[in-house]
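S.K.: The working numbering puts the first residue of the sequence shown at 1, with every later residue one more than the last.
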Amino acid sequence: MTKTGRTHPLELHEIRARVASTLNFRDLAACARVSQHWYDSFTPPLYRSVAVELFKNGPSIQSVDKNKRHIQHLTIRRSANENPSTVLLAISVMTAASLSSLNLRGSRVGDQGIQALSEVLKINRTLTTMDWGVNAIGPNGGQALAAVLAINTTLTTLNLWGNQIKWEGTQALSEALKINSTLTALNLRGGRIEDTGVRALAEALKINTTLTTLDLSYNSIKGSGAQALSEALRTNSTLVILDLRMNETGVSEAKALYETLMTYTSPTALNVYSNHIEDDGARALSEALKFNTTLTYLDLRNNVIGPNGAQALAASLQNNTTLTTMKLSNNPMGVNGTRALADARTINYPDHFGLVKKQGQRKLDFDHYSGTEV
């Protein structure tokens, strides 16, 4: 009688793949060295998400390039100086068919590097997220990326914070946004785009129907830029998160912008930290809050809001059931202002007859500078 041999479970690729999903990097690397069959099973998860720090510890450029077909998420960390190895490695991995996110934050690739990467991006069909913050990208780099956005159909998130793309680069990106139908999040924080760049973006927002998150903080946006945004958002119905902190909008332009945001669009989060909206801006915002039904998060920190502005905001919250978080620290609201807002913490949810059905708590952040601890 012939004795039938049994197959050990670990001889099956499917079993090894399941085991691989539970292991850490050290154990995966050890298993990958057992045999060729084990290498084939344990290498893909080992390289699925890779962080490379040039000239320091971590996987070598050669090993990353060899296994690039497995990489879905690639991070190349900061190098001391502009280094062509960063761009070459990124291009090599981008030619593989599996990369979905690329993080080059702080890698100093510069305009020439971005231009080289952009040529590959024009034919890439898998990348959805790019974080290219603090990369010494100027107007020329912004224009190169705009050419990509005009034809790319997979990218959904683009982070360009801390790059000096200025109004020239922003203008090119704005033209691309008029025809791009996939990008949902764009971060231009600290890009020195100023009013000229914002006016170009405003024109794009009148047409674009996919962008939901826009970060324009730290951009020296003043009167004409804020006014252009106000007009654009009267027709835009898709933008839900807008970050305008640390800009220089005047009170009158701010009033028009806030009224528009509350009345004509459907934002769920608005950050206007440190914009000097003062009491007049707070009162305009409070009038809009009386009718708003979508905003859930509002950041008003460091805006020179005094007792009158605080009391107006508190009054507007009496019948508001959607705003759950409001930040107000570093405003000279005084005792009366902070007490009025403290009383507005309770949210009354009415039933069909207008009677209070249940109550909830609104998160209101204060500090000692506001006038009192609450």
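Note that the Cβ used here is the ideal one computed from N, Cα and C, for glycine as well.
1. Pick helix, strand or coil for residue 170, following the three-state DSSP scheme.
2. Short check: CB of residue 396 to CB of residue 181, under 8 Å?
3. CB-CB under 6 Å to residue 360, same chain, minus the five flanking residues each way: which ones, in chain order?
4. Return the chain-ordered list of same chain residues with a C-beta closer than 6 Å to the C-beta of residue 44, the five sequence neighbours on each side being excluded.
5. So, are the CB atoms of residue 274 and residue 303 less than 8 Å apart?
6. Residue ranges of each beta strand (DSSP E) run of no fewer than 3 residues wholly in the region 28-91, ordered along the chain?
7. Which value, in whole angstroms, describes the spacing of the CA atoms of residue 105 and residue 187?
8. Go ahead and pull the three-state DSSP assignment for residue 130.
9. Identify whether residue 318 lies in helix, strand or coil by the three-state DSSP scheme.
10. Please identify the residue among 208, 191, 258 and 306 whose C-alpha is closest to the C-alpha of residue 135.
11. Going by DSSP in three states, residue 233 sits in which element: helix, strand or coil?
12. In whole angstroms, what is the alpha-carbon distance linking residue 228 and residue 198?
13. Just to confirm, are residue 238 and residue 213 a CB contact at a threshold of 8 Å?
14. By DSSP, does residue 404 sit in helix, in strand, or in coil?
15. CB-CB under 6 Å to residue 42, same chain, minus the five flanking residues each way: which ones, in chain order?
16. Using three-state DSSP, classify residue 164 as helix, strand or coil.
17. What are the partner residues of residue 299, as DSSP defines its beta bridges?
18. My understanding is that residue 99 touches residue 72, with C-beta atoms under 8 Å, so please give their C-beta distance in whole angstroms.
19. Is DSSP giving residue 204 helix, strand or coil here?
20. Excluding the five sequence neighbours on either side, which residues of its own chain have a C-beta within less than 6 Å of the C-beta of residue 120, listed in chain order?
21. In three-state terms, what does DSSP make of residue 190?
22. Put residue 310 into one of helix, strand or coil per three-state DSSP.
23. Using a 10 Å radius around the Cβ and a threshold of 16 neighbouring Cβ atoms, would you call residue 39 buried or exposed?
24. Identify the continuous alpha helix (DSSP H) that holds residue 121 and give its terminal residues.
25. CA-CA distance, residue 172 and residue 311?
26. According to DSSP, simplified to helix, strand and coil, what is residue 102?
27. Pick out whichever of 144, 151 and 127 has its Cα sitting closest to the Cα of residue 157.
28. On the CB-based measure, 16 or more other CB atoms within 10 Å of its CB, does residue 143 come out buried or exposed?
M.R.: This is what the structure gives:
1. helix
2. The structure shown has nothing for residue 396, since the chain only spans 1 to 374.
3. 347
4. 70
5. yes
6. 49-52 and 73-76
7. 13 Å
8. strand
9. coil
10. 191
11. coil
12. 7 Å
13. no
14. Residue 404 falls outside the range modelled here, since the chain spans only 1 to 374, and no answer is possible.
15. 20, 28, 31 and 32
16. coil
17. 271 and 327
18. 6 Å
19. helix
20. 91 and 94
21. coil
22. helix
23. exposed
24. 110-121
25. 44 Å
26. strand
27. 127
28. buried
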